[in-house]
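Notes follow once the structure below has been shown.
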Amino acid sequence: AVQSVFFIGMQCMMLVCTRALSLVEMDPFKESKGWTCPYKDDYISVLTGRIFLSAMAAITLIITFLCANGHFMGQEYIVKDFGKQIDMDLSKLDPDTKLEGGSIIRTGQFFSMIPTTLGIWIDGWNVKGLLLKERAMVYAEELRVPTICPDCGVAHVPYYELMKASGRQLSLAYQIFPFGAVIGKACERFNNPPLLYWGTELRCLNAMPTLESVKHNQGRKMSAAQAAKFKTQLGVAFMKDRGVPALQRFAAVGMYFTMLIFTMLLTTDNVAEMGVKMFQFVTMIAYSKAVCEVLLPVLCLAIVGALVVGSAIAAKKAAKAAVQPYRISPVIGQVLHGVTIGYALALFLLEADLGLNLGVAAFVGLAVGGALSVLLAMSFYALELCPNCELAGGLIKVFVAGLECVVGARIFTMNLSLTNFYLAMAV
230 AVQSVFFIGM QCMMLVCTRA LSLVEMDPFK ESKGWTCPYK DDYISVLTGR IFLSAMAAIT
290 LIITFLCANG HFMGQEYIVK DFGKQIDMDL SKLDPDTKLE GGSIIRTGQF FSMIPTTLGI
350 WIDGWNVKGL LLKERAMVYA EELRVPTICP DCGVAHVPYY ELMKASGRQL SLAYQIFPFG
410 AVIGKACERF NNPPLLYWGT ELRCLNAMPT LESVKHNQGR KMSAAQAAKF KTQLGVAFMK
470 DRGVPALQRF AAVGMYFTML IFTMLLTTDN VAEMGVKMFQ FVTMIAYSKA VCEVLLPVLC
530 LAIVGALVVG SAIAAKKAAK AAVQPYRISP VIGQVLHGVT IGYALALFLL EADLGLNLGV
590 AAFVGLAVGG ALSVLLAMSF YALELCPNCE LAGGLIKVFV AGLECVVGAR IFTMNLSLTN
650 FYLAMAV
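Residues in the sequence shown are numbered consecutively from 230, following the numbering used here.
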């Protein structure tokens, strides 16, 4: 708001300057009318006055042209006193400060106003000519901007804001020339936001942070539904990083040409009707541009965030669904297995005349049956964790069960009469 107020004030000053220059009679030999000198033979006075006025007008136009192209940008003898008034050290803007005597005018780049007028910013031309990067870093340092740009790696004020301010300054310079407001307003609109940046110095202008953050969330294996959600996220992120700025530029250019066309069509006869239509069209375009600047970026981020959260929730549900449900049948099988082995071992110890009573035989059978059940359960679980081992694991389980059956039957019937009871218990 403050910037807009100052810009309006500067426009009024440039209008006054333009009107003053229009009063200068450029022909020094033209007959004078209304000259206030009371003496006769005032030819020399009129000639001298017109020469001085014409010289001052020419100097004003030349200095305005040089300022518009950035030839005085950052010069120490200009910004030193101003920097003291606003308590900012702007001497770093002058690249020739360390040289003895410095320089009066910058001659590294010429005609920086040409691409700036069109809203185009090029590294080796107007970006350097108007000290865009240097101003952004110095302003950030003096204003103590705490945020470090993740793409540039340094703290700087937004480049787009400096481009917009530079476009407004150049539009003021154009307004000193006849019909300069037509070009000046184009310069103002084409830099809010800039139409094109061509270069690599201002890296964050070419970055797509939202799209890159979405790409980091890409999974290796995605289902069709997950891939569709991811593609939607990419599309919305691209819309936020590239589509919304493109719509802003389209609205800015459309607003300028709408005002230009309606200005050409306005006459004293249709001003009442055409004026209303012009304001309606301009208001609609301005509203659309405001929506693109404020609402659409927030909406795109909200959609991307909702899709990311939805994908995370779906992934958690899928992970839970992928976990095999708890089955009671293996537990029952292992319990029966342990009980059978323990019972058979206890009977064997009692019948083997080892001098063990019923309590000791039952305890040993309980311990051996429980340990064997836990050991086999852990072994079979390890087999199930092995990828692509379903067939081999099943065969190993069958082999272990058969081995246990044969060995148990042999041990339990050793030195005992072969009866069907012990064989059945062993099996």
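Note that the Cβ used here is the ideal one computed from N, Cα and C, for glycine as well.
Where residue i falls, given that 16 or more other Cβ within 10 Å makes a residue buried
i, result
"alanine 181", "Since the first residue of the chain shown is 230 and the last is 656, residue 181 is not available in this structure."
"tyrosine 610", "exposed"
"isoleucine 333", "exposed"
"glycine 598", "buried"
"valine 245", "exposed"
"arginine 248", "exposed"
"glycine 571", "buried"
"phenylalanine 339", "exposed"
"isoleucine 514", "buried"
"glutamine 477", "buried"
"glutamine 232", "exposed"
"cysteine 378", "buried"
"arginine 373", "exposed"
"glycine 623", "exposed"
"glycine 534", "exposed"
"alanine 475", "exposed"
"proline 423", "buried"
"phenylalanine 235", "exposed"
"glycine 584", "exposed"
"valine 308", "buried"
"phenylalanine 419", "buried"
"serine 274", "exposed"
"aspartate 323", "buried"
"asparagine 298", "buried"
"phenylalanine 281", "exposed"
"alanine 457", "exposed"
"valine 473", "buried"
"glycine 588", "exposed"
"serine 608", "exposed"
"alanine 480", "buried"
Per-residue DSSP class, three states only, for residue i
i, result
"isoleucine 351", "strand"
"glycine 238", "helix"
"aspartate 310", "helix"
"alanine 496", "Per the sequence presented here, residue 496 reads as threonine, with alanine not at that position. Threonine 496 falls in the coil class under three-state DSSP."
"threonine 429", "coil"
"alanine 384", "coil"
"cysteine 378", "coil"
"glycine 598", "helix"
"glycine 584", "coil"
"arginine 279", "helix"
"alanine 188", "Here the chain comprises residues numbered 230 to 656, so residue 188 is not present and cannot be evaluated."
"isoleucine 334", "coil"
"phenylalanine 609", "helix"
"valine 253", "coil"
"glycine 299", "coil"
"glutamine 398", "helix"
"glutamine 563", "helix"
"serine 341", "coil"
"proline 407", "coil"
"methionine 488", "helix"
"glutamine 509", "helix"
"lysine 357", "helix"
"arginine 364", "helix"
"glutamine 304", "coil"
Cα-Cα separation, residue i to residue j
i, j, result
"alanine 531", "isoleucine 542", "16 Å"
"alanine 410", "serine 442", "43 Å"
"glutamine 404", "glutamine 398", "10 Å"
"lysine 626", "phenylalanine 592", "27 Å"
"cysteine 529", "glycine 396", "29 Å"
"tyrosine 272", "leucine 250", "22 Å"
"glycine 303", "threonine 336", "13 Å"
"glutamate 363", "histidine 300", "15 Å"
"serine 602", "threonine 569", "10 Å"
"isoleucine 237", "histidine 385", "27 Å"
"glutamate 502", "tyrosine 485", "20 Å"
"tryptophan 354", "phenylalanine 508", "37 Å"
"leucine 295", "valine 465", "44 Å"
"glutamate 370", "leucine 276", "53 Å"
"threonine 512", "threonine 289", "37 Å"
"glutamine 462", "cysteine 433", "21 Å"
"glutamate 430", "glycine 382", "12 Å"
"glutamate 305", "serine 320", "6 Å"
"leucine 361", "alanine 454", "46 Å"
"alanine 415", "alanine 402", "13 Å"
For residue i, the residue or residues it bridges with in DSSP
i, result
"asparagine 420", "Pro423"
Heavy atom of the ligand ADP within 6 Å of residue i beta-carbon
i, result
"glutamate 370", "In the structure shown, the ligand ADP is absent, as is every other ligand, since no ligand is present at all."
Below-7 Å beta-carbon distance, residue i vs any chain D residue
i, result
"cysteine 381", "Checking the listed chains, one finds no chain D in this structure; it contains a single protein chain."
Restricting to runs no shorter than 4 residues, where is the alpha helix (DSSP H) found entirely within the segment 431–478? If one requires a minimum length of 4 residues, the alpha helix (DSSP H) runs lying completely within the segment 431–478 are 438–444 and 453–467, in chain order.
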